[in-house]
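Visitor: Shown below is the structure under consideration.
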Amino acid sequence: MDLTFKVSARIAKPVAEVFEAVANPDELSRYFTTGGAKGRLETGATVTWDFHDFPGAFPVWVVEVVPEKRIVLQWEANDGAPTASYRTTVTMTFEPLDDGRTLVSISEEGWRETETGLKASYGNCQGWMQMLCALKAYKEYGINLREGMFK
């Protein structure tokens, strides 16, 4: 069994604006990283993300950034298993649509094929879908869906 998933959403903004909302730590902190993000997503960078619902800033390794097209990240799997830590890979793609909207897709892969890996993959799938909903609300309506949700 290959533990991977993909979620997608259409955001009613141009691809450049949507991409910047993810790559720019100030923007990301306004709707997703409730404890703040430090460092722009650029190839080879190590940035930190912090969440009120998962306290403690942690590193995110930026594998590849193709502006307005793709972001590839790695981070600790955090599957709760007592064995040595490992990383999963997150790939975000940004596709301009003919109607001016942007299709954002996020996939994550690399969990160990264990019960804890499966549980962690489900949690992250939920988290990435929530991120896309929060991104949509923020970019289209100026609303922070996560404000006060976890604290």
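When you line the sequence shown up against the numbering used here, it's residues 7 to 157, in that order.
Ideal Cβ positions, reconstructed from N, Cα and C, are used throughout, including at glycine.
(1) Check whether the region 60-77 touches the region 97-106, taking contact to mean three or more Cβ pairs, one atom from each stretch, closer than 8 Å.
(2) Go through the region 16-89 residue by residue and report every complete run of the beta strand (DSSP E) that reaches 3 residues or more, in order.
(3) Pairing CB atoms from the region 13-25 with CB atoms from the region 109-127, are three or more of them under 8 Å?
(4) Going by DSSP, which residues form a beta bridge with Ser127?
(5) Which residues in the same chain as Val53 place their Cβ atom closer than 8 Å to its Cβ, once the five residues preceding and following it in sequence are excluded?
(6) Just to check my reading of the structure: Arg107 and Ala18 have Cβ atoms closer than 8 Å, yes? What is that Cβ distance to the nearest angstrom?
(7) Going by DSSP, which residues form a beta bridge with Met98?
(8) If you count every other CB in all the chains shown that lies within 10 Å of the CB of Asp85, and 16 or more means buried, which is it?
Guide: By the coordinates alone:
(1) The region 60-77 vs the region 97-106: in contact.
(2) Entirely contained in the region 16-89, the beta strand (DSSP E) runs reaching 3 residues are, in chain order, 42-44, 52-57, 60-72 and 76-82.
(3) By the Cβ criterion, the region 13-25 is in contact with the region 109-127, since at least three pairs of Cβ atoms, one from each stretch, lie closer than 8 Å.
(4) DSSP, once it has assigned bridges, lists no residue as partnering Ser127.
(5) So the qualifying residues of the chain are Pro31, Ala43, Lys44, Gly45, Arg46, Leu47, Pro65, Val66 and Val68.
(6) About 5 Å separates the two Cβ atoms, so the contact holds.
(7) Answer is Ile77 and Ile112, bridged to Met98.
(8) With a threshold of 16 other beta carbon atoms within 10 Å, Asp85 meets it and is buried.
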